[in-house]
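Worksheet for the structure shown next.
Given below as C-alpha coordinates:
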(Lines of atoms letter the chains of each structure in order from A; the text may use other names.)
(Lines give C-alpha, C1' and ligand atoms only; values in the text may rest on other atoms or scores of the structure.)
Protein backbone atom coordinates (compact mmCIF):
# COMPACT_ATOMS: atom_id res chain seq x y z
CA UNK A 11 0.00 0.00 0.00
CA UNK A 12 1.15 3.55 -0.71
CA UNK A 13 -0.45 5.04 2.40
CA UNK A 14 2.63 4.76 4.66
CA UNK A 15 4.65 6.69 2.07
CA UNK A 16 2.04 9.42 1.98
CA UNK A 17 2.01 9.59 5.78
CA UNK A 18 5.82 9.86 5.89
CA UNK A 19 5.68 12.64 3.30
CA UNK A 20 2.95 14.39 5.26
CA UNK A 21 5.05 14.21 8.43
CA UNK A 22 7.98 15.74 6.56
CA UNK A 23 5.79 18.53 5.19
CA UNK A 24 4.42 19.26 8.67
CA UNK A 25 7.97 19.46 9.99
CA UNK A 26 8.82 22.07 7.32
CA UNK A 27 5.63 23.97 8.16
CA UNK A 28 6.51 24.06 11.85
CA UNK A 29 10.10 25.13 11.11
CA UNK A 30 8.81 28.01 8.96
CA UNK A 31 6.41 29.02 11.73
CA UNK A 32 9.09 28.87 14.43
CA UNK A 33 11.46 30.99 12.33
CA UNK A 34 8.77 33.58 11.63
CA UNK A 35 9.27 33.26 7.88
CA UNK A 36 5.79 34.09 6.58
CA UNK A 37 6.65 33.57 2.91
CA UNK A 38 8.15 30.14 3.62
CA UNK A 39 5.13 29.35 5.77
CA UNK A 40 2.84 30.12 2.84
CA UNK A 41 4.88 27.90 0.53
CA UNK A 42 4.82 25.08 3.09
CA UNK A 43 1.05 25.52 3.42
CA UNK A 44 0.72 25.12 -0.34
CA UNK A 45 2.77 21.92 -0.39
CA UNK A 46 0.99 20.34 2.56
CA UNK A 47 -2.41 21.29 1.12
CA UNK A 48 -1.71 19.10 -1.90
CA UNK A 49 -0.62 16.17 0.24
CA UNK A 50 -3.75 16.50 2.39
CA UNK A 51 -6.01 16.59 -0.65
CA UNK A 52 -4.30 13.45 -1.99
CA UNK A 53 -5.16 11.75 1.30
CA UNK A 54 -8.77 12.98 1.19
CA UNK A 55 -8.31 15.17 4.26
CA UNK A 56 -10.19 18.16 2.88
CA UNK A 57 -10.92 19.81 6.24
CA UNK A 58 -7.21 19.86 7.03
CA UNK A 59 -6.42 20.98 3.48
CA UNK A 60 -8.67 24.00 4.04
CA UNK A 61 -6.56 25.03 7.04
CA UNK A 62 -3.40 24.56 4.98
CA UNK A 63 -4.96 26.71 2.25
CA UNK A 64 -5.54 29.53 4.74
CA UNK A 65 -1.89 29.28 5.82
CA UNK A 66 -0.85 29.34 2.16
CA UNK A 67 -3.06 32.33 1.32
CA UNK A 68 -2.08 34.39 4.37
CA UNK A 69 1.60 33.60 3.79
CA UNK A 70 1.44 34.61 0.13
CA UNK A 71 -0.30 37.84 1.15
CA UNK A 72 2.41 38.33 3.81
CA UNK A 73 -0.33 38.96 6.36
CA UNK A 74 1.57 39.53 9.59
CA UNK A 75 -1.74 39.80 11.47
CA UNK A 76 -2.84 36.26 10.61
CA UNK A 77 -3.00 33.92 13.59
CA UNK A 78 -0.47 31.46 12.20
CA UNK A 79 0.03 29.93 15.64
CA UNK A 80 -3.62 28.91 15.89
CA UNK A 81 -3.64 27.66 12.30
CA UNK A 82 -0.48 25.58 12.64
CA UNK A 83 -1.47 24.10 16.00
CA UNK A 84 -5.02 23.34 14.84
CA UNK A 85 -3.64 21.55 11.80
CA UNK A 86 -1.14 19.67 13.94
CA UNK A 87 -3.89 18.58 16.35
CA UNK A 88 -6.16 17.41 13.54
CA UNK A 89 -3.32 15.37 12.04
CA UNK A 90 -2.15 13.86 15.34
CA UNK A 91 -3.98 10.59 14.60
CA UNK A 92 -2.10 10.23 11.31
CA UNK A 93 1.36 11.50 12.22
CA UNK A 94 3.21 10.06 15.19
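Residue numbers (our numbering): 11 to 94. Backbone N, C-alpha and C define an ideal beta-carbon position, used for all residues, glycine too. Since this is a predicted model, take the numbers as computed values, not measurements.
Point to revise | Cα-Cα separation between residue 66 and residue 51, rounded to whole angstroms | key: Separation of residue 66 and residue 51 (C-alpha to C-alpha, rounded to the nearest whole angstrom) is 14 Å.
Review point. DSSP on residue 72, reduced to helix/strand/coil?
Key: coil
Check your understanding: If you drop the 5 nearest sequence neighbours on each side, which residues of the same chain put their C-beta closer than 7 Å to that of residue 72?
Key -> 36 and 37
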